[in-house]
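Only one structure is covered here, and it is reproduced in the block below.
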Amino acid sequence: MESMPSKRFSPRFSITTKLLAWCVLLIAIFYAITAALMGRIKEIETLSSNIIGVHYKVVENSEIMAQQLITLLENKRRFEILGTAEHRQAYFRTLSEYQDRLREMLRLYPDIPEPWDTLYASLQSYLPEGWEERVDENGQTLAGQAPVTEPESLIRPGYTPAPVTQGQALQGDPAAPIGPPDFLPDDAVNKWLEILAKARVDNRKQMESGIMRLYDKARRAERTGFLGLTASLAIGIAGSLLIAFLLGRGLSELKRGIRRLGREGRLEPIRVLTSDELGELAQAFNRMTDQLRHEEQMRSDFISMLSHEIRTPLTSIREAVNLVKGGVLGDINEKQRKFLEISGKEVNRLSSLLTRLMNVSSLEARDMVLDLQPADPGALTAETSERMQPTAEAKGIVILVDSPDHLPQIKADTENVRQVLLNLIGNALKFSPARSVVMVRLKSDEPGQRVIFCVTDQGPGIPVEEQPFVFRKYYRAKGVRNSVDGAGLGLSISKRIVDAHGGDMWLESSPGQGSSFCFSLPSV
Numbered sequence: 002m003e004s005m006p007s008k009r010f011s012p013r014f015s016i017t018t019k020l021l022a023w024c025v026l027l028i029a030i031f032y033a034i035t036a037a038l039m040g041r042i043k044e045i046e047t048l049s050s051n052i053i054g055v056h057y058k059v060v061e062n063s064e065i066m067a068q069q070l071i072t073l074l075e076n077k078r079r080f081e082i083l084g085t086a087e088h089r090q091a092y093f094r095t096l097s098e099y100q101d102r103l104r105e106m107l108r109l110y111p112d113i114p115e116p117w118d119t120l121y122a123s124l125q126s127y128l129p130e131g132w133e134e135r136v137d138e139n140g141q142t143l144a145g146q147a148p149v150t151e152p153e154s155l156i157r158p159g160y161t162p163a164p165v166t167q168g169q170a171l172q173g174d175p176a177a178p179i180g181p182p183d184f185l186p187d188d189a190v191n192k193w194l195e196i197l198a199k200a201r202v203d204n205r206k207q208m209e210s211g212i213m214r215l216y217d218k219a220r221r222a223e224r225t226g227f228l229g230l231t232a233s234l235a236i237g238i239a240g241s242l243l244i245a246f247l248l249g250r251g252l253s254e255l256k257r258g259i260r261r262l263g264r265e266g267r268l269e270p271i272r273v274l275t276s277d278e279l280g281e282l283a284q285a286f287n288r289m290t291d292q293l294r295h296e297e298q299m300r301s302d303f304i305s306m307l308s309h310e311i312r313t314p315l316t317s318i319r320e321a322v323n324l325v326k327g328g329v330l331g332d333i334n335e336k337q338r339k340f341l342e343i344s345g346k347e348v349n350r351l352s353s354l355l356t357r358l359m360n361v362s363s364l365e366a367r368d369m370v371l372d373l374q375p376a377d378p379g380a381l382t383a384e385t386s387e388r389m390q391p392t393a394e395a396k397g398i399v400i401l402v403d404s405p406d407h408l409p410q411i412k413a414d415t416e417n418v419r420q421v422l423l424n425l426i427g428n429a430l431k432f433s434p435a436r437s438v439v440m441v442r443l444k445s446d447e448p449g450q451r452v453i454f455c456v457t458d459q460g461p462g463i464p465v466e467e468q469p470f471v472f473r474k475y476y477r478a479k480g481v482r483n484s485v486d487g488a489g490l491g492l493s494i495s496k497r498i499v500d501a502h503g504g505d506m507w508l509e510s511s512p513g514q515g516s517s518f519c520f521s522l523p524s525v
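First residue of the sequence shown: 2, per my numbering; consecutive thereafter.
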């Protein structure tokens with residue numbers, strides 16, 4: 002067989018490099034998905050912080066400030082009715098708190114100046130520059146100057162302060178009679194209430210919009226996480242399967258070649274599928290099979306040459322022994338005849354061995370030409386068993402043939418199939434003890450497409466660890482190498498003949514329970 006050409010690859014990426022690159026890629030994918038998810042979470046955090054820290058606070062402060070303005074109006078009404086200093090002080094205290102609240106809003110939320118700028122500017126237009134509400138240790142109000150003229154945008158035109166009823170409290174005299182002319186105009190306060198109400202409504206809308214956006218971003222983050230997890234799993238599984246496939250393909254090819262070599266003795270090259278260490282190993286295996294094939298061919302050529310060279314003198318020796326034993330060269334005594342018979346048997350044994358060696362060489366060179374003809378498997382088996390009866394009777398062994406009626410005919414070269422049966426029955430007789438039984442069974446498989454032959458003995462059986470090698474050429478079991486004669490060629494020849502017919506051959510054996518050698522041939 003010609004060697005399969007194999008391209009010499011330079012290992013650009015080793016298996017370790019490929020696995021490391023795959024791990025780095027998985028880590029990169031994980032971090033990319035995590036970064037995208039963290040970005041979504043950051044958006045949610047920012048939006049929720051904006052809703053809670055800005056809009057909610059604006060609404061809350063708007064409500065407080067509106068309540069302060071309402072309190073201003075209430076204190077003004079009480080003072081107008083009752084004229085007590087307590088209500089006047091409460092009025093200015095609330096006004097100061099309102100002013101502080103406005104300043105706080107401008108400080109906390111510089112990015113959203115409206116409506117706080119407008120409210121603060123409007124308030125300042127009614128208060129003297131530098132005015133600040135103060136309360137002394139006795140709870141008395143200390144006021145600055147009177148308010149300045151109101152802005153036209155917030156109060157009605159022609160506004161004039163209310164008439165003084167109980168003194169000028171804001172003219173710098175704390176002990177002046179109660180009854181300030183400096184209360185803020187109701188129109189301005191009501192306008193501010195409208196602005197605060199609008200601010201509350203606008204911020205509530207913004208809160209609702211923000212909550213909807215928050216829900217949408219949460220769903221997107223959830224979808225991003227789910228899709229990222231799914232993509233990571235899919236990519237991880239697909240990539241792992243791909244790497245396993247690429248590595249497994251090279252390993253399977255190498256395992257297939259080793260199995261063919263170990264069990265069947267077939268020296269066939271394997272495909273080099275990768276450029277990594279497995280590819281180098283496959284190339285080394287192919288170089289080994291090439292070397293073994295070359296050495297096997299040399300041995301086969303030597304055996305073939307030796308067989309041809311020995312056959313001619315061996316034939317002369319056999320003829321000479323027969324002539325002497327037949328008395329052609331003179332009378333011989335019984336002792337001489339006995340030794341001549343022994344010599345004749347050894348010559349025949351050596352001739353049979355040479356014939357087997359020639360058959361092996363012929364099969365390996367694929368010189369065997371099959372003459373396939375329909376044949377009756379039962380008749381062929383019975384005829385072959387009959388030829389082996391003298392050998393069986395010499396050991397007290399009984400050969401039984403179990404052949405059912407109406408077996409389909411087989412398409413076979415009868416001489417070669419007979420040789421297979423002779424080898425199998427001969428081996429069974431060789432390894433069976435005296436006064437035992439050798440069973441030859443025939444049967445058809447269920448579809449009726451093959452006929453199965455089985456030869457079963459009652460010998461010592463074959464150890465499990467040696468069974469894969471029994472069909473290899475020259476192989477002989479360890480337990481019989483020194484006790485049973487043979488060259489280890491019969492089973493190898495038989496299997497090659499069966500393979501040439503398109504059949505199968507196998508062994509069923511357990512140590513101490515005998516062996517069954519079976520083969521199947523296609524039916525007609």
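The beta-carbon is built from N, C-alpha and C at its ideal position, and this holds for glycine as well.
Hey, Ser521 and Asp505 are a contact pair by Cβ (cut 8 Å); roughly how many whole angstroms apart?
5 Å
Contact between the region 198-205 and the region 55-69 is defined here as three or more beta-carbon pairs at a separation below 8 Å; is this criterion met?
yes
Boundaries (first-last residue) of the alpha helix (DSSP H) holding Gln90
Ala86 to Leu109
Grab me the residues of Met106's own chain with a C-beta within less than 7 Å of its C-beta, minus the 5 sequence neighbours each way, in chain order.
Asn62 and Trp117
Considering only the beta carbon of each residue, do Pro375 and Val452 sit closer than 8 Å?
no
Please list the segments of the beta strand (DSSP E) lying wholly inside the region 389-440, counting only runs of 3 or more residues, in order along the chain.
399-403 and 411-413
Just the Cα atoms here: how many angstroms apart are Ser495 and Pro314?
28 Å
For Ser126, name the three-state secondary structure that DSSP assigns.
helix
Take Leu255 and list the residues in its own chain whose beta-carbon comes closer than 8 Å to its own, dropping the five residues that flank it on each side.
Ile271, Leu279, Leu282, Ala283 and Phe286
Within this structure, are the beta carbons of Leu401 and Met440 separated by less than 8 Å?
yes
Applying the criterion that 16 or more other CB atoms from any shown protein chain within 10 Å of the CB defines a buried residue, is Pro148 buried or exposed?
For Pro148, the predicted model reports a pLDDT of 37, less than 50, meaning its position is unreliable; a value from the coordinates is still stated below. When all chains shown are included, Pro148 counts as buried.
Own chain residues within Cβ distance below 7 Å of Gly515, not counting five before or after:
Thr457, Asp458, Gln459, Gly460 and Gly462
Would you call the region 342-359 in contact with the region 300-318, where contact means no fewer than 3 C-beta pairs closer than 8 Å?
yes
Using the Cβ count rule (16 or more neighbours within 10 Å means buried), how would you classify Arg135?
Note on Arg135: pLDDT 41, under 50, position unreliable in the model; the coordinate value appears next. Under this definition Arg135 is an exposed residue.
When you compare the region 34-51 with the region 216-233, are there three or more beta-carbon pairs, one atom per stretch, that lie closer than 8 Å?
yes
Grouping DSSP H, G and I as helix and E and B as strand, with all else coil, what is Leu355?
helix
Does the separation of the CB atoms of Leu103 and Tyr92 fall below 8 Å?
no
State the Cα-Cα distance for the pair Lys444 and Glu342, rounded to the nearest angstrom.
41 Å
Below 8 Å between beta carbons: does that hold for Thr385 and Ile411?
no
Determine the contact status of Leu230 and Ala67, defining contact as a CB-CB distance below 8 Å.
no
By Cβ distance below 6 Å, which residues in the same chain neighbour Arg436 in space, the five residues on each side in sequence not counted?
Gly397
Can you check which of these residues, Ala33, Gln468, Tyr476 and Leu492, is closest to Ser233 by C-alpha distance?
Ala33
Check the DSSP bridge columns for Ser521 and list the partner residues they point to.
Ile453 and Asp505
Pop quiz: Leu373 and Ala321 are said to be a contact at Cβ under 8 Å. What is the actual Cβ separation, rounded to whole angstroms?
Actually they are not in contact, since the Cβ atoms of Leu373 and Ala321 sit about 41 Å apart, beyond 8 Å.
Are Gly237 and Leu490 close, meaning C-beta to C-beta below 8 Å?
no
Which one of Ser511, Gly345 and Leu423 has the shortest CA to CA distance from Ala383?
Leu423
Return yes when the Cβ of Arg94 is within less than 8 Å of the Cβ of Phe80, no when it is not.
no
If you count every other CB in all the chains shown that lies within 10 Å of the CB of Val499, and 16 or more means buried, which is it?
buried
Taking Gln292 as part of the alpha helix (DSSP H), name the residues at either end of that continuous run.
Glu278 to Lys326
Check the Cβ-Cβ distances between Tyr475 and every residue of chain D, and say whether any is below 8 Å.
Among the protein chains of the structure shown there is no chain D, as only one such chain exists.
Buried or exposed for Lys1, going by 16 or more other Cβ atoms inside 10 Å?
Residue 1 lies beyond the residue range present for the chain, which begins at 2 and ends at 525; the question has no answer from this structure.
Evaluate Thr85 with the Cβ neighbour count: other Cβ atoms within 10 Å of its Cβ, from every protein chain shown; 16 or more gives buried, anything less gives exposed.
exposed
In this structure, does DSSP put Ser1 in helix, strand or coil?
With the chain represented from 2 up to 525, any question about residue 1 goes unanswered, as that position is not in the structure.
Indicate the three-state DSSP secondary structure (helix, strand or coil) for Gln69 in the structure shown.
helix
Determine the burial state of His502: buried for a count of at least 16 other Cβ atoms within 10 Å of its Cβ, exposed for fewer.
buried
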